[in-house]
Amino acid sequence: MITADIWPASDYSRVPYRLYHDPEIYEAEQERIFRGRAWNFLGLEAEIPNPGDFRSTVIGEVPVVFDRDESGAVKAFVNRCAHRGALVRREIAGNAREHICLYHQWCYGLDGSLKAIPFRRGIKGKGGLDPSFDMGRHGLPPVHVESLNGVLFGTLSEEAEPLEDYLGAPVAAQLRRLFDRPVRILGYHRQRIRGNWKLYAENTRDNYHASLLHAFFATFGLDRSTQKGGVTMDGRHRHNITWAEAESEADAALAREAYHAARVRHDYLTLREPSLVAYRPERADRISLAVTSVFPSGVFVQIANSLATRQIRPRGVDECEVFQTILGYADDPPEMTLHRLRQANLVGPAGLVSMEDGEAIEVAHRASRPDPEATTVIELGGGGIISDRDYRVTDVPLRGFWSYWAELIGVEPEGAVR
Amino acid sequence: MSADPVAVWDLYARYGALLDAAQYDEWLALFAAACSYHIVPRENWERGLPAALVFCDSRAMLEDRIRALREANRFNIHSDRHLIGLPRLMTEAGVTVEAPFALYQTDQEGETRLFATGLYRDRLVGEGGSLKFRDKLILLDSFAVPSLLATPL
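In the order they appear, the protein sequences are chains D and P.
Those letters in the first sequence? Residues 86 to 503, by our numbering.
Those letters in the second sequence? Residues 9 to 161, by our numbering.
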């Protein structure tokens, strides 16, 4: 296993490629991050409106179910039978009064407690379990679950700090902003990327790449790095909000100059259907883009009027799934729902401003593997201290991600920044 | 209208061949002036959820997609190969057609993988003396999309 001397620089401006490829490190992440004291984004209360509604999700690679019990409370537990370790709830979603394991029909309540075991007393007094077997100690392992405006987070750790403390004020405020009224689930996107999950986690914190890799942004005038924006983190710098305000006239003039040098078309090619990139303000603020990354695997996205959550699901050291939930608000009029469905063209595996991430992550994963000691360079916006920026050509939140990763894995170097 | 089965087969054969040859303008010409094109993950369809991976409810949006593919989007370097099953004419009038498909992608090293499989559920119209796609609904069985989806299904 690695030690603190893995880091060439204590400000995390150099990340050895080994950290994306070593199976031993991957297992340590599962144990110390996902099954450790992180809060993991699970899903949304809007997915389980009624008692008995359940939905399958993951914490890292651990299968988890969350549901709504008879009293209306949200419960979550590890989806693994206490008997032989089988997946209990095999469906992605549904409604049920209990969860019954396929294998030997062990039956669990909506709170995950063990309710019944077939042939518990045997047949005609023979076989079955010893009378001393304690049903109360063989429920589905509980996941501590908390809801912030209907956004569900879970942790397997007894030592996790309170959710609000974990998120920090700016991230909690951003979630309250996006989820300021009941949401409606419009559907799901899934994308399997042949790359380590951390490459995706970094990508969502990387403000620098957005309008360069995703040329559609600048080419069709949806968003450009010359707009007012920046990065805002929590106090521990583990999470990040990448944000931008809708473009002003002055921004547009600056863009003509800046993008000329960057070899990105910036000439506002016009779409035949311009509503695809039209932003209809929904609040008093001017924020037209907000990508909020919550360590380790949650992402909350507003791109114009396209709203989504993303969950990064690690699938071994070499692959991850990006599971995206497309949202509207419950009180959207039909015309607004249609606008959001059109703008969903921007996101997901076929997204006009997101499809490139799949390719960028795969080529980074592929080319970095053979040389574990070589490193990335994370210096846009400078090295040294990790802090918020009011400009967009920066990747400083990646260093924040790594600083907390190092803390949880237990490999913070001497004099490390946080 | 009633559709000549041979004309329907020809339309589907050309649809796959033009995509595989990356002749997107000629491919667009297979669509009617008023048309739609949607790629819907089967998990959404079965739950009655409206979100699509690609949602073009007008010809303008479909043309924008192709323009973006050429002018802005970057994607995995590959070639496509569509295998389209026999189209099934669903009504006496022959305007609703279903056809299963598989799409293989081959990368620059010659490695081929199954990229997508699903069902076309289409409404056809006669326009300018030939059959065209009025509404194309692609129900995507393989909704865990490998890598990314850029070139049309």
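Beta carbons are placed, not taken as given, at the ideal position from N, Cα and C, and that holds for glycine.
As the structure is a prediction and not an experimental result, all values here were calculated from the model.
- Task: Determine which residues of the segment 386–398 of chain D have a Cβ less than 7 Å from any Cβ of chain P, and write them out in chain order.
- Result: none
- Item | Delimiting residues of the alpha helix (DSSP H) encompassing Phe-301(D) | 300–304
- Cα-Cα separation between Asp-308(D) and Cys-192(D), rounded to whole angstroms: 52 Å
- Query: Which of helix, strand or coil does DSSP assign to Phe-123(P)?
  - Reply: strand
- To the nearest angstrom, how far is it from the Cα of Thr-434(D) to the Cα of Met-440(D)? The question names Thr, but residue 434(D) in the sequence shown is Pro. The straight-line gap from Cα to Cα measures roughly 5 Å.
- Query: When you compare each of Tyr-97(D), Pro-457(D), Arg-120(D) and Leu-361(D) to His-322(D) by their alpha carbons, which one comes out closest?
  - Reply: Tyr-97(D)
- Message: Measuring CB atoms only, is the segment 68–79 of chain P touching the segment 29–38 of chain P, in the sense that at least three cross pairs come out at less than 8 Å?
- Response: yes
- Task: Say whether chain D places a C-beta atom closer than 8 Å to the C-beta of Arg-173(P).
- Result: Missing from the structure shown is residue 173(P); chain P here goes from 9 to 161 and no further.
- Task: Determine the direct distance from the alpha carbon of Pro-216(D) to that of Lys-209(D), and round the result to whole angstroms.
- Result: 15 Å
- Query: If we ignore side chains and look at the alpha-carbon of each, how far apart do Leu-57(P) and Thr-422(D) end up?
  - Reply: 12 Å
- Query: What distance in whole Å lies between the Cβ atoms of Ser-373(D) and Ala-329(D), which are believed to be in contact at a cut-off of 8 Å?
  - Reply: 6 Å
- Message: Contact defined as beta carbons within less than 8 Å: I believe Ile-92(P) pairs with Phe-109(P). What is the distance between those atoms, to the nearest angstrom?
- Response: 5 Å
- Item | Straight-line Cα distance separating Ala-131(D) from Ala-178(D) | 13 Å
- Query: Taking Arg-266(D) as the reference, which of His-223(D), Gly-280(D) and Leu-233(D) has the closest Cα?
  - Reply: Leu-233(D)
- Message: Please tell me whether Pro-136(D) and Arg-120(D) are closer than 8 Å, where the distance is taken between their beta carbons.
- Response: no
- Task: Pull up the CB-CB distance for Arg-477(D) and Asn-292(D), whole angstroms please, since I reckon it's below 8 Å.
- Result: 5 Å
- Query: Leaving out the 5 sequence neighbours to the left and right, which residues in its chain are closer than 8 Å to Leu-97(P) when beta-carbon positions are compared?
  - Reply: Ala-11, Pro-13, Val-16, Thr-104 and Val-105
- C-alpha distance - Val-163(D) paired with Val-256(D), whole-angstrom precision: 27 Å
- Confirm, please, whether the CB-CB distance from Arg-82(P) to Thr-114(P) is below 8 Å. no
- Message: Residues of chain P with CB closer than 7 Å to the CB of Asn-430(D), please, in chain order.
- Response: Val-62 and Phe-63
- Query: Taking Cβ positions only, does Pro-101(D) come closer than 8 Å to chain P?
  - Reply: no
- Gly-239(D) beta carbon less than 8 Å from that of Leu-129(D): no
- In angstroms, rounded to a whole number, what distance separates the CA positions of Val-502(D) and Val-100(D)? 14 Å
- Query: Fully enclosed by the segment 63–102 of chain P, which alpha helix (DSSP H) runs are 4 residues long or longer?
  - Reply: 67–79
- Message: Using C-beta distances below 6 Å, list every residue in its chain close to Ala-415(D), excluding the 5 sequence neighbours before and after it, in chain order.
- Response: Pro-267 and Arg-269
- Taking only beta-carbon positions, decide if Ser-87(P) is within less than 8 Å of chain D. no
- Query: Around the C-beta of Tyr-102(D), are 16 or more other C-beta atoms found within 10 angstroms, so that it is buried, or is it exposed?
  - Reply: buried
- May I ask which residues mark the beginning and end of the alpha helix (DSSP H) holding Thr-422(D)? 419–428
- Hey, could you find the ends of the beta strand (DSSP E) Phe-141(P) is sitting in? 138–148
- Task: Taking the CB atoms as reference points, tell me whether Ile-133(D) and Val-228(D) lie closer together than 8 Å.
- Result: no
- Task: Would you kindly work out how many angstroms separate the C-alpha atoms of Thr-479(D) and Ala-343(D), rounded to a whole number?
- Result: 15 Å
- Message: Taking DSSP's pairing of strands, which residues face His-324(D) in a bridge?
- Response: His-324(D) pairs with nothing; no bridge assigned.
- Given 8 Å, three or more beta-carbon pairs between the segment 270–279 of chain D and the segment 418–432 of chain D: yes
- Task: Say whether chain D places a C-beta atom closer than 8 Å to the C-beta of Ile-47(P).
- Result: yes
- Message: To be precise: take each residue of the segment 143–158 of chain P, compare its Cβ to all Cβ atoms of chain D, and keep it if any distance is under 7 Å. Which residues remain?
- Response: Phe-151, Ala-152, Val-153, Pro-154, Ser-155, Leu-156, Leu-157 and Ala-158
- Who does His-184(D) pair with in a DSSP beta bridge? Tyr-193(D)
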